[in-house]
Amino acid sequence: MSDNQPKSQGQCGVIVNTGSIAAYEGHVGQVANAESKGAIASMTLPL
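Just so it is clear: in the sequence shown, position 19 is 19 by full-length UniProt numbering, and no numbers are missing.
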């Protein structure tokens with residue numbers, strides 16, 4: 001990440017998403033966990 005050179009407008013950055021397999025394959029009784037992991041996984045899809 002420290003080697004990331006700024007773009008032409010002086011902007012640079014890196015997005016690192018950390019989640020788990022629960023984002024794609026939920027477990028019984030773990031709805032809230034799967035929901036939050038799914039949100040993390042889909043947060044940067046439009047980028």
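Even for Gly, the Cβ is constructed at its ideal location relative to N, Cα and C.
- Between residue 22 and residue 33, the CB-CB gap stays under 8 Å.
- Shortest Cα-Cα distance from residue 37 to any of 20, 12, 10 and 8 involves 20.
- DSSP places residue 31 in the uninterrupted alpha helix (DSSP H) bounded by 31-42.
- Inter-residue distance for residue 17 and residue 35 is about 15 Å (C-alpha atoms, whole angstroms).
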